[in-house]
Amino acid sequence: MDNKIAKVALAMMQKNVGDIKRIEHSLKVYGYAQLLGVAESLNEKSLEILELSALLHDIGIHVAEKKYGRSTSHYQETEGPPVAREILTSLDFKPETVDRVCFIISKHHTFTAVDGIDFQLLVEADFLVNSTEDHMTDHQITHFAKNIFKSESGLMYLKLLFPHIDF
Numbered sequence: 680m681d682n683k684i685a686k687v688a689l690a691m692m693q694k695n696v697g698d699i700k701r702i703e704h705s706l707k708v709y710g711y712a713q714l715l716g717v718a719e720s721l722n723e724k725s726l727e728i729l730e731l732s733a734l735l736h737d738i739g740i741h742v743a744e745k746k747y748g749r750s751t752s753h754y755q756e757t758e759g760p761p762v763a764r765e766i767l768t769s770l771d772f773k774p775e776t777v778d779r780v781c782f783i784i785s786k787h788h789t790f791t792a793v794d795g796i797d798f799q800l801l802v803e804a805d806f807l808v809n810s811t812e813d814h815m816t817d818h819q820i821t822h823f824a825k826n827i828f829k830s831e832s833g834l835m836y837l838k839l840l841f842p843h844i845d846f
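Numbering (this note's numbering), first residue to last: 680 to 846.
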């Protein structure tokens, strides 16, 4: 993890102070995202966007809970980008990087909006973590694998996590 990524991870943890579940979720998604990005041979810029998106994809949850009393996907997508923009801008990331990360965060539960490999791999990494954290059924996992997963590496990881499911 380079120094700028480490600073983003720290900022994410500070925004989620005391919320172990959300901190660990973001770090697990980051871990899978990084592995997927390397396995799928992303270039340096796309890998950075993927890693930043993974660390910050749920950064709007606390704001949504305070504002609306819940953190449904719509509220996460609405409230996350301003917080992410603040963090990334303060750490001097390039405007185009900030804009792309904020776009991905603003749509990370809208699977029809996936428009690039960086976004696709974030969705897959998030699902890999959610599938176990949320104790998804075999049917849910199979449906997602067939309809959402596109990368060979993501499917391989899914098969390794759930070898009893015939994808």
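Backbone N, C-alpha and C fix where the C-beta goes; we use that ideal spot for every residue, glycine too.
I want to know whether the segment 782-796 touches the segment 723-743 - three or more CB-CB distances under 8 Å. yes
Taking only three categories from DSSP, how would you classify L721? coil
Please list, in chain order, all residues of the same chain as K825 whose beta carbon is under 8 Å from its beta carbon, the five residues on each side excluded. F846
Considering L770, what are the terminal residues of the alpha helix (DSSP H) in which it resides? No alpha helix (DSSP H) holds L770; DSSP gives it neither H nor E.
Using a threshold of 7 Å, state whether the C-beta atoms of A712 and A804 are closer than that. yes
With DSSP run on the structure shown, which of helix, strand or coil describes M815? Note: M815 maps to coil in three-state DSSP.
Taking the C-alpha atoms as reference points, what is the distance between K741 and P760? Here the sequence assigns His to residue 741, which means Lys is not the residue at that position. Rounded to whole angstroms, H741 and P760 show a C-alpha spacing of 13 Å.
Taking its Cβ as the centre, do 16 or more other Cβ atoms sit within 10 Å of I796, making it buried, or is it exposed? buried
Between the Cα of G833 and those of E765, H814 and F806, spot the shortest distance and give me the residue it belongs to. F806
Per DSSP, what kind of secondary structure is I738 in: helix, strand or coil? I738: coil per DSSP, three-state reduction.
Distance CB(E756)-CB(S750) smaller than 7 Å: No, Cβ-Cβ distance for E756 and S750 is not below 7 Å.
In the DSSP assignment, the alpha helix (DSSP H) including I827 goes from what residue to what residue? Careful: I827 lies outside any alpha helix (DSSP H) and carries neither H nor E.
Please report the straight-line C-alpha distance between I844 and V717, rounded to a whole angstrom. 26 Å
On a Cα-Cα basis, can you pick out the residue from G739, T776, H704 and K686 that is closest to L726? T776
Go ahead and pull the three-state DSSP assignment for D778. Reduced to three states, the DSSP call for D778 is helix.
Please go through the same chain and pick out, in chain order, the residues whose beta-carbon is closer than 6 Å to the beta-carbon of K829, but skip the five residues on each side of it. Q799
Of all the options V687, R779 and K838, which has the alpha carbon lying nearest to the alpha carbon of S705? V687
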